[in-house]
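Per the numbering used here, residue -6 is the first one in the sequence shown, and the count goes up by one each step.
Backbone N, C-alpha and C fix where the C-beta goes; we use that ideal spot for every residue, glycine too.
The structure presented is a predicted model; accordingly, all values stated were derived computationally and were not measured.
Have a look at the structure below before the remarks.
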Amino acid sequence: MNIVNLTKQTTPKIPWKKIKEKILGKKYELGIILSGEKRLKNLNKKYRKKDKKIEVLSFPYSKDEGEIYIDIRQKKERLAFLFIHGLLHLKGLKHGEKMEKLEQLYYNKLHESR
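Next comes the structure, spelled out in C-alpha cells:
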C-alpha cells in the first residue's frame, strides 16, 4: 500500500492499512492519493464525463490492484468514511442499500477499535 499526499496538508492519522486489509485483504495492491478538490473535479470530468466536485474516486486496475483519490480537505472522520466508500467500490459494489450498510458497518468497527 502506498499513500501519496499531493498537498501541503499533513497526512491524517487514519489506520489506512488496517481498513484496507479488512475490506480488500492483505494481497490487494492499493495506491491512495490525497489531493485537493480541483484535481478530483478534473479527474471526474475526464474519466466519468461529470463536470462537478467529488470527494472520492476509485480506479480498479485489476482484481488485486487499484487506486483511490480522496479530497484531503475533509475532517478526519469524513476522510475515513470516504476511504471505506472508495474501497467498497474497488471491491465491486455500486451505490445502494447494501453498500450503505457495509459503509456503516466498517465505519462503526473502526470507531469500536479505537
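Every beta strand (DSSP E) of 3 residues or more that sits fully in the stretch -5 to 58 is shown, in chain order, as -5 to -2, 22 to 28, 49 to 55. Secondary-structure assignment with DSSP links residue 62 through a beta bridge to 26, 50. Taking a contact as a CB-CB distance under 8 Å, the pair residue 33 and residue 47 counts as one, their CB atoms being some 5 Å apart. Contact between residue 99 and residue 15 holds: CB atoms are separated by about 7 Å, below the 8 Å threshold.
Looking from the CA of residue 71, the closest CA among 103, -2, 31, 18 belongs to 103.
Here residue 64 is buried: its Cβ has 16 or more other Cβ atoms, across all protein chains shown, within 10 Å. Between residue 4 and residue 29 the beta-carbon gap is near 14 Å, outside 8 Å, which marks them as no contact. Each residue's CA atom was taken as its position, placing residue 94 and residue 82 some 14 Å apart. Contact check for residue 24 and residue -3: beta-carbon distance about 7 Å, within the 8 Å limit, so the pair qualifies.
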